[in-house]
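Numbering (the numbering used here), first residue to last: 2 to 655. Ideal placement from N, C-alpha and C gives every residue a C-beta, glycine not left out.
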RNA sequence: GCCUAUGUAGCUCAGUGGUAGAGCACUUCAUUGGUAAUGAAGAGGUCGUGAGUUCGAUUCUCAUCAUCGGCUCCA
């Protein structure tokens, strides 16, 4: 007999060789029907795999992340089986589960395949799923495995096998399809009830552009048809929130081929939005002890040679600008920090002066690869809400914590709750790509980690994600389509102060080197606005909305009064427009709703007589009549509510 | 940069080897209205750009630019 510990801590006894499926059956039949796999001592196993010694077992169903992953990974095998039966010469790369679904990288050996062919494959998959073929695990020796794939002439599987150790190699078979696979899998293909292949894309074998490009087929599956329907509706909803679509519709920004790819043009309404965000942050930064600075858009190449960035990124950058007479070279500013270092150097500093915090909404230019450009989230010219903190080594942790406070204040005020804080550290073993001493790195890494812990941040640690000059703490959020974007970032840098030979005079009257912290709560204005648009589906917080009110006269007779109302509110910094078109009120309201205007002010005979407006709130309807001054007060109250409440700070209407 | 797809009016999209159409938006006229679309008329495009095939190209071919979905990269 063996002892099986269940997640609730209870221990049950089973025959040696019992399977997770049998354990599930002993608990309840309903559970057994839903078991996809099991975690045995922390490792995901097939539910049919015999357990031969005492173990802790967690049964996995669709409700567990690992259950879903197993389900999707098994679906990838089903996709491969369908492809092999439809396109017999196909060679297979890898087919993992991903966050939402799965993909399989395949080589069609010259046979053309496009998204039009997906339906055919889906149909085949559904047909194979109905056969309820079991996923059968088999341990094989390395030589047998090599023989099998040599005979099958699959170079990718042979390549994978090279890195596997004899004795740990398993094959999985379902129906007529055999795959090299670690597992685990769901019991049989019958669990897969709803299948959707989403798109086709190219992907290099092993992610290396020197290798052959394979065809990657993305798909998603569900145990119930209804869940697939819901997922597809969700995708549709996400598309409606796409910042590129809303940005165009709401006239926030545009691009022009003539201006150049990846160079956004901010339209008047987008500019209002951006400037509101900037002044919001500027205000918070003044309170936090930052000083605003301004630096030019180009800088001598020598500046970036000094900083070390030219050596690392110069060749991928925009080409240097040359002066006509002297042989001088200038770069479009790819970053603000070297400029700020020179500001720091413009006068001597005492340890008493530190920390010094220079902030700048600095526009930078980077030559991003053409295939990488994407709306406002990935562009070639963008404005960072940058700042550099120059401090003493003993101040790093405290400053770091203050920056975390600032980032959280910004996120709170804007309603971002679903973010991840990622601590990016060095590669665990390979230290070759980093500059700076081991001692400084260790110190920086531990201080970041401690600061995050002391601020109770929920964090994930990622190795090999640090910048080459120091570790960082990044705030990641997801866009409407589930893609993750880095917004805020905080980075410790012991290197740049060295390169620029920054100094301060210590209490000991000796020269010391300050530490730099780079930080940007928004990241870049472009990316932040993009994510914000998707986050709120274009329904911006009242204080940010480019147009906060629409004054809608019932008819031409009340245009003069409407103007009076509009000017009175403009006087109080309330933004908006008058709709003086020759349309009926119903039409004006509809158009204002579609344009996502937060407040509609309807004025007609009654309102004019009483010096009032009829207030209609977007999405909620008629709020009734108010005197103009009362509305202005109510409005300011709403703004204040949005900006306060969540945190200690309050900001008044700007 | 690489692979796949796409590019027609301000926007969303039809369409064809014989020099283009719809809806919305826009303009004009009528209408002066009370909480999600008043009616009528009109104007608007060298069909992304360049070259080739052809009697003739928006349509076919090639190149190029941009965009889409990925890959790689990201100070």
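Quick check: what's the CA-CA separation for residue i versus residue j?
i, j, result
"residue 590", "residue 259", "37 Å"
"residue 453", "residue 396", "15 Å"
"residue 499", "residue 371", "34 Å"
"residue 402", "residue 474", "11 Å"
"residue 467", "residue 261", "31 Å"
"residue 3", "residue 19", "9 Å"
"residue 242", "residue 536", "8 Å"
"residue 152", "residue 146", "10 Å"
"residue 456", "residue 445", "17 Å"
"residue 476", "residue 595", "32 Å"
"residue 312", "residue 503", "20 Å"
"residue 287", "residue 570", "28 Å"
"residue 630", "residue 636", "10 Å"
"residue 450", "residue 563", "57 Å"
"residue 541", "residue 227", "32 Å"
"residue 462", "residue 421", "11 Å"
"residue 1", "residue 135", "Because the chain in this structure spans residues 2 to 655, residue 1 falls outside the shown range and cannot be described."
"residue 11", "residue 53", "19 Å"
"residue 606", "residue 559", "7 Å"
"residue 642", "residue 531", "24 Å"
"residue 572", "residue 634", "13 Å"
"residue 546", "residue 615", "20 Å"
"residue 447", "residue 438", "14 Å"
"residue 561", "residue 417", "42 Å"
"residue 592", "residue 409", "36 Å"
"residue 459", "residue 413", "15 Å"
"residue 162", "residue 68", "26 Å"
"residue 577", "residue 282", "23 Å"
What did DSSP end up calling residue i once you bin it into helix, strand or coil?
i, result
"residue 248", "helix"
"residue 551", "strand"
"residue 8", "coil"
"residue 148", "helix"
"residue 640", "helix"
"residue 371", "helix"
"residue 490", "strand"
"residue 625", "strand"
"residue 497", "helix"
"residue 167", "coil"
"residue 534", "helix"
"residue 100", "coil"
"residue 446", "helix"
"residue 512", "strand"
"residue 601", "strand"
"residue 429", "coil"
"residue 310", "helix"
"residue 174", "strand"
"residue 324", "coil"
"residue 438", "coil"
Which same chain residues, not among the five before or five after residue i, have their C-beta less than 6 Å away from its C-beta?
i, result
"residue 76", "103, 193, 222"
"residue 158", "150, 181"
"residue 289", "407"
"residue 506", "351"
"residue 217", "104, 106, 202, 204"
"residue 651", "Caution applies to residue 651, whose pLDDT of 35 falls short of 50 and renders its modelled position unreliable; the value that the coordinates give is listed next. Within the same chain, residue 651 has close Cβ partners 645."
"residue 387", "337, 361, 363, 521"
"residue 214", "203, 205"
Once the 5 residues before and after residue i are set aside, which same chain residues still bring their CB inside 7 Å of it?
i, result
"residue 525", "383, 384, 385"
"residue 254", "248, 265, 266, 267, 268, 271, 377"
In chain order, what residues of the same chain lie with their CB nearer than 8 Å to the CB of residue i, ignoring the 5 residues before and after it?
i, result
"residue 246", "240"
"residue 224", "63, 72, 192, 193, 194, 195"
"residue 339", "300, 304, 305, 307, 308, 310, 497, 501"
"residue 212", "205, 206"
Tell me whether residue i, by its Cβ, gets closer than 7 Å to a heavy atom of the ligand NAD.
i, result
"residue 149", "For the ligand NAD, the structure offers nothing, since it holds no ligand at all."
**Prompt:** Should the segment 424 to 434 be called in touch with the segment 398 to 415, which here means at least 3 C-beta pairs below 8 Å?
**Reply:** no
**Message:** Three or more C-beta pairs under 8 Å: does that hold for the segment 44 to 64 against the segment 82 to 89?
**Reply:** no
**Message:** In chain order, what are the residue ranges of uninterrupted alpha helix (DSSP H) at least 4 long that sit wholly in the segment 7 to 61?
**Reply:** 21 to 28, 30 to 35
**Message:** Ignoring anything shorter than 3 residues, give me the beta strand (DSSP E) runs that lie fully in the segment 177 to 232, in order along the chain.
**Reply:** 178 to 181, 195 to 205, 214 to 223
**Item:** alpha helix (DSSP H) segments (min. 4 residues) lying fully within the segment 384 to 419
**Value:** 397 to 414
**Asked** If you scan the segment 246 to 301 from start to end, which runs of the beta strand (DSSP E) of 3 or more residues do you find wholly inside it?
**Response** 299 to 301
**Message:** With three or more beta-carbon pairs closer than 8 Å as the criterion, would you say the segment 314 to 330 touches the segment 345 to 359?
**Reply:** no
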